[in-house]
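Just so you know, UniProt numbering puts 325 at position 325 of the sequence shown, and the rest follows in order with no gaps.
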Amino acid sequence: QEKKIFAVQGPYPVIRRLLRARGWVERKFPRMGRARSQPEQEHGSQAKQLQGEKEEEELCSEDHDVIHNLMSRLVQDQVPYFIWTNRCSAVNCQLLRQDQVLNHYARVGTFATKEGLCLSLRNLPWFDQADPNTFFPRCYRLGAADERQAFIEDFCQTAARSLLKMALERAGDTLTRTEQSLKSGECPDEGHVSHPMPSTVGPGPLVHSQLVEEALQVCGQHLGSLEHQDIDEDLLSSCTMGTDWDCFLRDYYHVVHKGAGLTLSRAQWKRCQTLLGCLAERLPQLGMEGDHNIWILKPGAKSRGRGIVCTARLEEVLQLAQGCTALSARAGEWVVQKYVERPLLIFGTKFDIRQWFLVTDFNPLTVWFYRESYLRFCSQPFSLHHLDPARHLCNVSIQKWFRPAQDQHPQLPSDRIWSCQQFQKYLTQVGRADAWHQVMVPGMKAAVVGALRSAQDLVESRKGSFELYGADFLFGEDCQPWLLEINASPTMAPSSVVTSRLCARVQRDTLRVVIDRRNNPDCPTGAFELIYKE
C-alpha cells in the first residue's frame, strides 16, 4: 500500500541496505546469464561496473537475512516502485508506470559517451553564451570524413604554433647565455639567435629559419581568419592552403623528436612573441596544448581507459584509427582529442578527479552537484617524452597493473587515491588555497551544466527517472578544469579507503534527494547541492 517495493540489479549492496533500512522490501530480479556484450550508447560506461560484479555476487551469496528473503518471495509478483540497475537497457522504459522510479534516462549517450559529448558540445553556443573550448579539449570523430580532415588540418595548425613556442623557449635560453657572454666580453652573432636542444637531448642537425618563417605565415593567416571570422567560412582550410605539410611536419618532427636545432632571426623572434600573444587572446586552449602536439585517441565504445593511446605523430593517429576501423563495426565512435600537455601536477605526477552529479529532471533541467570527490594518480612521474599509460592514464583499472616509481614522493598515496579534502590541504601548502573554491569547483559546475544543456533536447526525459553521473576532469597549470568525459553508471565498487567511504556516501545522499525529499522538501540532502534548475 505504501509502494515500498524496490528492485536492484548490479553491484549496489549499499543501495539495497539503505532501502531496507527505510522499510522497503526487495523484489529480486530473475537470475539471468551474462548479458550480451553488444555496446549500447544509452548507458555510456556500463563496463565500469564489471570490476564490482564479482564482489557483489559474493555479498549476495552470503545474504543470510531470512526475514528479508521471505518478504522478497512474498512480493515477487508485485510491481517495484523504485528500480536501480547498472544499465538502462535492463528495463523496458516504455512499459514503466508513471509512479515507478528508475535511476536512468534513455538516450544519454548524447553526452555520456566520448563521441556523443564531442558532438553535442558543439551545439552549446546555441543554448548558452559559454564557449566549450574553454573547458573541453577540442575533439574530432575519426569515423566522419569531414571531421577526420578537420583533425588533420588542426594537427598541422597546432604543429605550427608549437614550433613558434619551442623557438621562443629555446631563444630565451640562448639570450640568457648571450647576456652572460656580453658580460664576459664575448661578441655574439648579431644576425641570428641560435639555440640547440638542451644537453639532455643531445645535439642534432640544424633546421633553417625558413621553417620558422613558414610557421609564422600559417599562424598569421589563422589569426587573420579569426579576426574576420565568417560563420560560413572554413577557418582551418583557409589557413592550411599553400603549405607543403609533408615537408613541414618532417622538419617539425626533427626539431621536436630528434633534437634538431633552429636558427631564428631577431625579427622572427619579435614576430613570434607578437603573434602568439594575439593568438592567446582568441584561442582558449593555446596554453594547455603545450608545444609537443600530443593527441589522445579514444575508442568510444570502451571504458576504463581501455584502448586509449597517446601519440605526437599524425601518421600514427591515422594508422591507429584505420586499424581500429577495420576491427570495429562502429568506427564512428573513435575520437581523437587534444591532449592537455600542461596539467597541474602533484609532486611531479599527473592526476585527474572524479566528480559526481545528479540529474533529477531534464525538463526542466535540474542538476545537483556533489561537494565531495576524489583524485586518481598515475603510478609514474609525468613526462611528455614517454607516452606510456603509467604516466598519462589515471584510470584505476589501468594503474592497478603498474608498480609505483621507485623514487615516488613519500607524500603520494600508495593506493593512488586522494579525497578532495586532502587535495585542498595540498593546495594550501603550495600557496593556492583559494583555487579550489574560486576556480576549480565553479569551473567544474559550469562545464557540467554546459554539457547537459547542449544535449538536453536529445535525452528522452521521463518524470519518474533520475540518474547519477561521474564526470572526469583534469586541471591545467592555472587550475582551470578541463572536462574529459562523463560516465553514466559510474562505478561504486570501492578501490581504496577513500572510495569505499565516498561511494557509500554518494549513494546514501542520492536516496536522500530522490526518495526522502519527495515526502519532505526540507530534508537534508547530504553533500548534494542544487546548482541549476531551469
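Ideal Cβ placement from N, Cα and C applies to all residues, glycine included.
A straight-line Cα-Cα distance of about 23 Å links R508 and V91.
Y374 carries a strand assignment under DSSP once its states are collapsed to helix, strand and coil.
Less than 8 Å divides the Cβ of R453 from the Cβ of L365.
For the pair W334 and K114, the Cα-to-Cα distance works out to about 8 Å. In the DSSP assignment, S225 falls within the unbroken alpha helix (DSSP H) covering 210–227. Less than 8 Å divides the Cβ of L163 from the Cβ of V255. Within 10 angstroms of the beta-carbon of N293 lie 16 or more other beta-carbons, which makes it buried.
Excluding residues up to 5 positions away in sequence, P404 lie with their Cβ nearer than 8 Å to the Cβ of S414 in the same chain. Residue R354 holds the alpha-carbon nearest to the alpha-carbon of S419 among S225, R354, P80. For L70, the secondary structure class from DSSP, reduced to helix, strand or coil, is helix. For S419, the enclosing beta strand (DSSP E) has its first and last residue at 417–419. As the crow flies, the alpha-carbon of M71 is around 7 Å from that of V25.
When K258, R148, I296, L412 are compared, the shortest CA-CA separation from V340 is found for I296.
DSSP lists A7, L102 as the beta-bridge partner residues of I83. Annotation for Q9: F29, T85, N86, A90 place their beta carbon closer than 7 Å to its own, counting only its chain and skipping 5 residues before and after.
The count of Cβ pairs closer than 8 Å, one atom from the region 493–506 and one from the region 132–148, stays below three, leaving the stretches out of contact. Shown here for F475: same chain residues with a beta carbon closer than 8 Å to its own, the five before and five after excluded, namely P343, L344, I353, M440, P481, W482 in chain order. In this structure, T525 sits near R512, with a CB-CB distance shorter than 8 Å. E529: not part of any alpha helix (DSSP H); member of the beta strand (DSSP E) spanning 528–533, first to last residue.
By the C-beta density criterion, P125 is exposed, having fewer than 16 other C-beta atoms within 10 angstroms.
Around the beta carbon of L216, a 10 Å sphere encloses 16 or more other beta carbons of the protein chains shown; the residue is thus reported as buried. In the DSSP assignment, S397 falls within the unbroken alpha helix (DSSP H) covering 396–399. Between F248 and E289, the CB-CB gap reaches or exceeds 8 Å.
Counting C-beta pairs closer than 8 Å gives fewer than three between the region 100–120 and the region 421–430, which falls short of the contact rule. The residues F347, in chain order, have a CB closer than 7 Å to that of Q411 in the same chain once the five nearest residues on each side in sequence are set aside.
Annotation: D77 is outside any beta strand (DSSP E) and is labelled neither H nor E by DSSP.
Where E485 is concerned, the enclosing beta strand (DSSP E) starts and stops at 481–488.
Approximately 14 Å separates the beta-carbon atoms of R170 and L276; this is outside 8 Å, ruling out the contact. Here DSSP, grouped into helix, strand and coil, assigns G277 to helix.
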